[in-house]
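The structure appears below as structure tokens.
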Amino acid sequence: AVENSSLHREVARLRRRLHAVTPGGLVGRSRAMEGVFDLMERVAPTSVPVLVTGETGTGKELVSRAIHDLSARRRKGFVPVSCATVPEHIMESLLFGHVRGAFTGAVDTRKGLFEHAPGGTILLDEVDTLGYDVQAKLLRVLEERTIRRIGDRHDIPVDFRLISASNKDLGEEVDKRNFREDLFFRLSTFPIALPPLRERSDDIPLLAVHFRDRFAAETGMDPLSIHECCMEWLVEYSWPGNVRELKNTIERATLLSMDGSRITCESLKHLREDRASISWTRPLSEAWSLERLEEEYLRAVMKSTGGHKGRAAEHLGIDRRTLYRKLGDLDGRAAASESGELPDHTLPGMLY
2 AVENSSLHRE
12 VARLRRRLHA
22 VTPGGLVGRS
32 RAMEGVFDLM
42 ERVAPTSVPV
52 LVTGETGTGK
62 ELVSRAIHDL
72 SARRRKGFVP
82 VSCATVPEHI
92 MESLLFGHVR
102 GAFTGAVDTR
112 KGLFEHAPGG
122 TILLDEVDTL
132 GYDVQAKLLR
142 VLEERTIRRI
152 GDRHDIPVDF
162 RLISASNKDL
172 GEEVDKRNFR
182 EDLFFRLSTF
192 PIALPPLRER
202 SDDIPLLAVH
212 FRDRFAAETG
222 MDPLSIHECC
232 MEWLVEYSWP
242 GNVRELKNTI
252 ERATLLSMDG
262 SRITCESLKH
272 LREDRASISW
282 TRPLSEAWSL
292 ERLEEEYLRA
302 VMKSTGGHKG
312 RAAEHLGIDR
322 RTLYRKLGDL
332 DGRAAASESG
342 ELPDHTLPGM
352 LY
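Quick note: the sequence shown uses this note's numbering, first residue 2, plus one each step.
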């Protein structure tokens with residue numbers, strides 16, 4: 002069984018390298034996404050809860066749907082729920098259902114989503130927004146595999162696979178007492194962290210071509226070519242809105258370039274303007290030295306990787322020993338700044 006499972010994952014990896022697309026419509030060949038794909042394939046055949054985390058626009062719902070498509074539940078329903086868009090007083094009824102007369106306005110008995118997806122998968126997107134009462138009842142459902150409609154006295158067995166998604170650190174939400182610790186442990190049985198687009202820049206050309214072709218097919222037009230200079234601009238941009246922003250940018254650029262045969266740099270000029278205003282206005286106006294520029298960039302990389310030194314070193318193109326030395330130098334300058342020996346711009350507590 003172990004050999005068969007290993008062979009299955011190896012075949013899947015080879016297919017990804019050839020086609021660069023997973024069943025869920027995810028695109029990528031970067032090392033970061035290869036790790037995500039491998040985790041998806043490992044957890045898909047099971048029924049354990051999965052917690053998908055990542056910044057807004059990184060594709061958490063796509064990953065969740067791909068896990069469902071790779072599982073034995075793929076012929077059953079996939080039910081996504083945006084917890085942030087449902088008022089708290091309605092969420093309980095939406096998930097668990099209610100009986101007639103359970104509350105004002107309950108004129109008939111209704112099933113909840115857990116009953117509407119027998120044998121399928123339920124995605125609770127932005128699960129961190131659930132109220133404490135609903136969290137307690139969700140924990141009971143996960144532990145007992147039964148639900149009780151509002152106003153009912155009987156438990157109803159349910160069969161489902163739960164995937165949760167959040168753009169927040171649920172561990173921090175637990176520390177802030179915004180989220181139940183026991184529920185957090187149940188939901189995070191198998192966590193999958195999606196990298197932001199800025200950490201998988203190798204995938205940007207693939208994604209750009211993918212979105213261009215898909216938009217052309219949807220609109221019935223011929224795909225426009227993307228000039229090499231334009232592709233460089235796409236790769237260099239930081240993409241705060243991640244994959245969703247890239248998709249919207251390609252669609253907009255296609256519409257602005259419809260009178261020609263290729264996407265023009267003019268249609269992407271806002272990327273350069275944003276980059277110039279965000280990245281260089283302050284350093285130029287304050288006349289930063291090269292040393293300070295390196296310090297600030299090092300801080301930004303450490304922050305973007307969540308303090309992960311391995312990913313930071315890879316992003317910077319240096320080995321870990323060099324990174325440790327640079328961080329040590331910064332700590333030394335920060336300590337000196339506290340004693341008044343250095344300018345105020347070198348502040349402690351910014352690296353980890």
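Where is the CB? At the ideal position from N, CA and C, for every residue including glycine.
Looking only at C-alpha atoms, which of the options sits nearest to residue i?
| i | options | result |
| --- | --- | --- |
| LEU171 | ILE91, ARG162 and LEU184 | LEU184 |
| VAL51 | SER83, ILE251, LEU331 and PHE191 | PHE191 |
| ARG111 | ASP126, VAL135, ARG43 and ARG149 | ARG149 |
| GLY98 | ALA85, GLU89, HIS90 and GLY113 | GLY113 |
| VAL175 | ILE164, LEU163 and SER189 | SER189 |
| ALA2 | PRO46, GLY26 and MET41 | PRO46 |
| THR255 | ALA73, LEU27, ILE227 and LYS169 | ILE227 |
| ASP156 | LYS327, MET232 and LYS138 | LYS138 |
| GLY221 | LEU235, MET259 and PRO196 | MET259 |
| ASP203 | ARG32, LEU27 and GLY26 | ARG32 |
| GLU233 | GLY311, VAL87 and CYS266 | CYS266 |
| PRO81 | ALA67, GLU62, LEU328 and LEU143 | GLU62 |
| ASN243 | ALA67, ILE205 and ASP160 | ILE205 |
Could you check if residue i is buried or exposed, using at least 16 other CB atoms within 10 Å of its CB as the buried criterion?
| i | result |
| --- | --- |
| GLY333 | exposed |
| LEU8 | exposed |
| ASN5 | exposed |
| LEU198 | buried |
| SER83 | exposed |
| TYR238 | buried |
| CYS230 | exposed |
| ALA277 | With a pLDDT of 48 at ALA277, under the threshold of 50, the predicted position of this residue should be treated as unreliable, and no value is reported. |
| GLY29 | buried |
| GLY120 | exposed |
Taking 7 Å as the threshold (C-beta atoms), are residue j and residue i in contact?
| i | j | result |
| --- | --- | --- |
| LEU225 | ARG253 | no |
| ALA118 | GLY60 | no |
| LEU208 | LEU247 | yes |
| ARG215 | GLY58 | no |
| ALA85 | GLU56 | no |
| SER94 | ILE151 | yes |
| MET92 | VAL135 | yes |
| THR306 | ALA194 | no |
| ALA313 | MET303 | yes |
| ARG162 | ARG74 | yes |
Opposite residue i in the DSSP bridges: which residues?
| i | result |
| --- | --- |
| ILE227 | ILE264 |
| ASP126 | SER83 and ALA166 |
| VAL51 | ILE164 and PHE191 |
| GLY121 | PHE161 |
| THR147 | PRO158 |
| LYS112 | GLY98 |
Report back the beta-carbon spacing between residue i and residue j to the nearest angstrom; my notes put them in contact at under 8 Å.
| i | j | result |
| --- | --- | --- |
| THR122 | HIS69 | 4 Å |
| LEU125 | ARG181 | The pair is not a contact, with the Cβ atoms about 14 Å apart (cut-off 8 Å). |
| VAL64 | LEU27 | 7 Å |
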